[in-house]
Amino acid sequence: MTGRLRIDAFSLHDTLSCGQFFRFTRLGDTYLVQSSGRIFSLHQRGDLLFYKGVEEPFLIHFFRLDEDLDSILKEVDRDPIIHEAIQRHRGLRLIRQDPWECLLSFLCSSAKAIPHIRSIVEELCRSCGKRVSYGNYLGYGFPEPRSVKTALQLRSVRAGFRIDYLTRVFQSIDRTELLSLKDLSYRDAKKRLMCLSGVGKKIADCVLLYSLDFLEAFPIDTWIKKGLQKVYFGERRPSEKEMEAFVSSHFGPFAGYAQLYLYHFWRHRSKRNPLGIDG
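Residue 133 in the working numbering sits at position 148 of the sequence shown, with consecutive numbering throughout.
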């Protein structure tokens, strides 16, 4: 439960802060992470990851440390923009989240900035989840499927119209059904997710990429849409289908990693030129 893990090609800070995962608290150089009903602490020093409150196999699975990141990045490094993003944020990895927790998190994310999403997710867990402790730190896990039956149970969650979506999803699917989506093709799994209340293409792709191992999924939000249009299509405005076809053919079977790097790269550019694009 306490130890250190030698890691290669991994940035704890970039991986946690890039917008794919919301349940962590930074205390100096230490991160308290909450996932799968537990709280654990992490601290990175060079190529060593120090951990408490969690087993090493869980960390390897959670942070996908068994993947050859360098080989994956070589596959998607196909133009100067993604090349610069990779050079700037090398070590950023996809997190393999619990599918149920990932689904609830991104149902809270519609049209919101990351700090607001994190706040709503915490309110959801505090409202209906079970207490989880780590030393003197008290947290709350995600509510379980079927545990929320009416919107009144979520009255303290400032999620606006998302409350209805959340309430319906609690009654519509469970962890076993979500995990079974791994047995489907990418397109069929996406269609199944989009049958759920409040789940459109972007949220479906987030769940597929961040929790169900569909590395070809490429979530397209406002940042990504503007960036792709400016960099790869010039002044022309491509249709949604054209954009989806482009990222699939251009970045290939690991397109999700390209999305992760481009999003993090563009989001951290200066406010004057937020997409970091000349012209």
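Glycine included, each C-beta is placed from N, C-alpha and C at the ideal position.
Candidates Leu50, Val184, Gly76, Gly126, of which the one nearest Phe250 by Cα: Here the question's residue 250 lines up with position 265 in the sequence shown. Comparing Cα positions, the closest option is Gly76.
Residue of His28, Asp159, Arg172 minimising C-alpha distance to Cys87: Position 102 of the sequence shown holds residue 87. Selected option, being the one with the closest Cα: Asp159.
Helix, strand or coil at Lys256 according to DSSP, with G and I counted as helix: Here residue 256 corresponds to residue number 271 of the sequence shown, with the count starting at 1. Here Lys256 scores only 44 on pLDDT, less than 50, and its place in the model is too uncertain to base an answer on.
Contact between the segment 87 to 101 and the segment 142 to 153 (3+ Cβ pairs under 8 Å): Flag = yes, the segment 87 to 101 and the segment 142 to 153 touch.
Counterpart residues of Arg30 in DSSP-defined beta bridges: Residue mapping note: residue 30 aligns to position 45 of the sequence shown, counting from 1. Residue pairing by DSSP places Arg30 opposite Leu33 in a beta bridge.
Leu123 (DSSP reduced to helix, strand or coil): Here residue 123 is taken as the residue at index 138 of the sequence shown, counted from 1. Strand, per DSSP.
Residue of Ala243, Leu33, Leu181 minimising C-alpha distance to Leu54: In the sequence shown, residue 54 corresponds to position 69, counting from 1. Looking at the Cα atoms, Ala243 is the closest of the given residues.
For Leu(-10), the first and last residue of its enclosing beta strand (DSSP E): Here residue -10 refers to the residue found at position 5 of the sequence shown. For Leu(-10), the enclosing beta strand (DSSP E) covers residues -13 to -9.
Proximity winner among Phe9, Tyr217, Phe(-5), Pro84, relative to Glu52 (alpha-carbon distances): Position 67 of the sequence shown, counted from the start, is the residue given in the question as residue 52. Looking at the Cα atoms, Phe(-5) is the closest of the given residues.
Residues of its chain near Arg131, where Cβ-Cβ distance is below 6 Å and the 5 sequence neighbours each way are ignored: Here the question's residue 131 lines up with position 146 in the sequence shown. Cβ within range, chain order: n/a, list empty.
Residue interval of the alpha helix (DSSP H) (run including Gln138): Counting from 1 along the sequence shown, the entry for residue 138 is found at position 153. Looking at the DSSP string, Gln138 is not in any alpha helix (DSSP H), and its letter there is neither H nor E.
Sequence-distant residues of the same chain with beta carbon closer than 7 Å to Gly22, five excluded per side: The residue given as residue 22 occupies position 37 in the sequence shown. Excluding sequence positions up to five before and after Gly22, its CB lies within less than 7 Å of the CB of Val117, Gly126, all in the same chain and listed in chain order.
Residue from Leu178, Phe218, Arg111 with nearest C-alpha to Arg8: Position 23 of the sequence shown, counting from 1, holds the residue named residue 8. Comparing Cα positions, the closest option is Arg111.
Beta-carbon spacing of Phe43, Tyr195 below 9 Å: Here residue 43 refers to the residue found at position 58 of the sequence shown. Here residue 195 refers to the residue found at position 210 of the sequence shown. Contact annotation: Phe43 and Tyr195 have beta-carbon atoms that are not nearer than 9 Å.
Cβ contact (3+ pairs, closer than 8 Å) linking the segment 202 to 212 and the segment 175 to 190: A contact exists between the segment 202 to 212 and the segment 175 to 190.
Neighbour-count burial assignment, Met228, 16 or more Cβ in a 10 Å radius: Against the sequence shown, residue 228 aligns to sequence position 243. Buried is the call here.
Through-space distance from Val18 to Leu245, alpha-carbon basis: Residue 245 sits at position 260 when you count from the first residue of the sequence shown. Residue 18 sits at position 33 when you count from the first residue of the sequence shown. Spanning the two alpha carbons is a distance of roughly 20 Å.
Straight-line Cα distance separating His68 from Lys176: Walking along the sequence shown from the start, residue 176 turns up at place 191. Walking along the sequence shown from the start, residue 68 turns up at place 83. C-alpha separation (whole angstroms): 32 Å.
Span separating the alpha-carbon of Val142 from that of Ser56: Residue mapping note: residue 142 aligns to position 157 of the sequence shown, counting from 1. Residue mapping note: residue 56 aligns to position 71 of the sequence shown, counting from 1. Here the alpha carbons of Ser56 and Val142 stand approximately 42 Å from one another.
Supposed close pair Leu163, Pro84 - CB separation, criterion 8 Å: Your numbering for residue 163 matches position 178 in the sequence shown. Your numbering for residue 84 matches position 99 in the sequence shown. Pro84 and Leu163 do touch by the CB rule: their CB atoms are close to 4 Å apart, below 8 Å.
Sequence-distant residues of the same chain with beta carbon closer than 6 Å to Ser255, five excluded per side: For the purposes of this step, residue 255 is identified with residue 270 of the sequence shown, where counting begins at 1. Bear in mind that the predicted position of Ser255 carries a pLDDT of just 45, short of 50, making it too unreliable to give a figure here.
Local conformation of Arg11 per DSSP, three classes: Position 26 of the sequence shown, counting from 1, holds the residue named residue 11. In the three-state reduction of the DSSP assignment, Arg11 falls in the strand class.
Collapsed DSSP secondary structure at Val117 in the structure displayed: The count along the sequence shown starts at 1 and reaches residue 117 at position 132. Val117: strand per DSSP, three-state reduction.
Which residues DSSP lists as bridging Val18, in chain order: In the sequence shown, residue 18 corresponds to position 33, counting from 1. Bridge partners of Val18: Phe9, Phe25.
Proximity to His(-2) [Cα-Cα], best of Arg78, Glu40, Leu169: For the purposes of this step, residue -2 is taken as the residue at position 13 of the sequence shown. Nearest of Arg78, Glu40, Leu169 to His(-2), Cα basis: Arg78.
Exposure of Gly124, with buried meaning 16 or more beta-carbon neighbours within 10 Å: Translated into positions along the sequence shown, residue 124 becomes position 139. With 16 or more Cβ atoms within 10 Å of its Cβ, Gly124 is classed as buried.
Reduced DSSP secondary structure (H/G/I, E/B, other) of Gly76: The residue given as residue 76 occupies position 91 in the sequence shown. Three-state result, Gly76: coil.
Whole runs of the alpha helix (DSSP H) within the segment 145 to 217, excluding any shorter than 4 residues: Counting whole runs of 4 or more residues, the segment 145 to 217 contains the alpha helix (DSSP H) stretches 147 to 157, 160 to 165, 171 to 178, 186 to 196, 207 to 217.
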